[in-house]
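Following numbering that gives the first Met the number 0, the numbering of the sequence shown begins with 0 at its first residue and continues without gaps.
All residues carry an ideal CB built from backbone N, CA and C; glycine is no exception.
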Amino acid sequence: MLETGIALGLLVYALVIALRCSFRVEEGHLAVLTTFGRAETKAGKHDLVTHGPGLHVKKPWQKVRTVSMKEQNLDLNAEEGGGTAMADDGTILRLDSFVRYVPVKEVLYEHMFGIEHPLDHITGLFTCLLRNEIANFRGNDVGEDSLSTRFDFSRQAGSYALIRRERKLLNERIQAFCQEKIDNRYGVRFNAVDLADILPPDELADALNAVMQAQSEAEARVFRAEGECQQRILASERGVDIAKARANAVEIEITKISSFLDELQARGVLKAYVERRRSEVTSESRALFLKETP
């Protein structure tokens with residue numbers, strides 16, 4: 000009985016040791032072993048010994064630290080006040096922005112052991128960088144202002160419209176700064192800073208909505224007036240055409256009567272025809288008024 004208990008205890012101990020001496024790394028991750036707090040490196044340098052996906056063996060006293068090598072998004076709005084920035088004209092803009100980055104294997108030491116809370120450092124850095132770029136952002140030259148009286152949102156709404164229109168240029172400038180100044184200092188490669196949305200302050204939004212609504216109403220009135228004028232013009236042109244047609248008909252009738260009377264005159268029977276027509280008219284009349292010439 001004692002031997003069975005000892006054997007069972009040894010088996011459990013062996014299983015515990017086996018579990019403590021092995022570790023698994025998921026796909027898309029890398030693992031680094033630390034021995035009493037010291038990371039495994041190559042030749043004592045900051046080049047970490049990494050373990051790829053799969054099952055690996057370690058010493059019982061070693062600990063495993065894993066890091067994802069996939070592209071990751073870091074929400075800059077998590078920083079207190081990180082979702083706002085002041086533009087060149089003093090407008091306070093609300094931003095919805097993200098940083099996309101990928102850990103770099105060759106400088107993974109800086110990401111894992113070089114900085115305490117690296118994500119907090121990255122968030123603070125890009126929040127300051129984004130605010131600085133927006134505060135000094137001028138965009139490209141857009142040429143002379145349009146002489147049109149129509150409200151041009153992309154040119155007349157201040158820095159808010161400028162940044163929305165030139166969002167791609169702003170992203171390119173931030174990315175260029177990252178490549179030139181930051182590089183792999185944090186052990187990661189920055190792919191981009193995405194400005195998912197840029198919102199104006201409530202006062203500016205209300206003012207822009209009022210301007211756009213007034214402009215839409217004015218345009219609607221102009222279009223209605225143009226439609227009514229066009230309708231009246233068409234009706235007048237149609238009336239003129241009808242009057243011309245009636246005048247032509249009267250002219251043709253008069254011409255025919257004139258030709259008929261000329262023919263009667265040529266035959267010498269015009270006077271008799273007139274007398275006969277007068278008799279026909281007077282015979283059907285109830286009253287007859289005659290005008291005597293002096």
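Helix, strand or coil at residue i according to DSSP, with G and I counted as helix
i	result
A42	coil
V106	helix
I173	helix
I241	helix
I256	helix
K62	strand
F222	helix
I114	coil
A86	coil
R37	strand
R166	helix
R266	helix
R137	coil
G142	Low confidence applies to G142: its pLDDT is 45, below 50, so where it sits in the model is not reliable, and the reading given next is rough at best. Three-state DSSP puts G142 in coil, outside helix and strand.
Nearest to residue i (by Cα), restricted to the options the options
i	options	result
E171	V48, R184, L128	L128
H28	L107, R164, A175, V11	L107
Y185	T33, E2, G113, W60	G113
W60	A242, I256, R231, S21	S21
V103	L94, M85, D46	D46
K57	E218, I16, A42	I16
E39	L18, V24, K62, L54	K62
C-alpha distance - residue i paired with residue j, whole-angstrom precision
i	j	result
R166	V221	35 Å
N135	G89	11 Å
F35	H110	19 Å
E115	T65	16 Å
L299	I197	There is no way to answer for residue 299, as the model of the chain reaches only from 0 to 293.
F152	V101	Bear in mind that a pLDDT of 43 at F152, under 50, signals an unreliable position, so the number given afterwards is only what the model happens to contain. Rounded to the nearest angstrom, the two C-alpha atoms are 37 Å apart.
R297	R245	Residue 297 cannot be examined here, being either before or after the span of the chain that is shown, 0 to 293.
Q174	I133	14 Å
L169	E25	37 Å
G267	N247	30 Å
E218	G226	12 Å
For residue i, the first and last residue of its enclosing alpha helix (DSSP H)
i	result
Q178	Q178 -> no alpha helix (DSSP H), and no H or E assigned at all.
I16	1–19
V273	269–282
First and last residue of the uninterrupted beta strand (DSSP E) at residue i
i	result
D119	Premise fails: D119 lies in the alpha helix (DSSP H), 117–134, not in any beta strand (DSSP E).
L306	Residue coverage of the chain in this structure runs from 0 to 293, which leaves residue 306 outside it and unanswerable.
R188	187–198
N76	It is not in any beta strand (DSSP E) - N76 carries neither H nor E in the DSSP assignment.
Residue i CB to nearest heavy atom of the ligand ADP below 7 Å
i	result
N76	In terms of ligand content, the structure shown is empty, and the ligand ADP therefore cannot be addressed.
Q: Could you say if the segment 14–31 and the segment 43–57 meet the contact criterion of at least three C-beta pairs nearer than 8 Å?
A: yes
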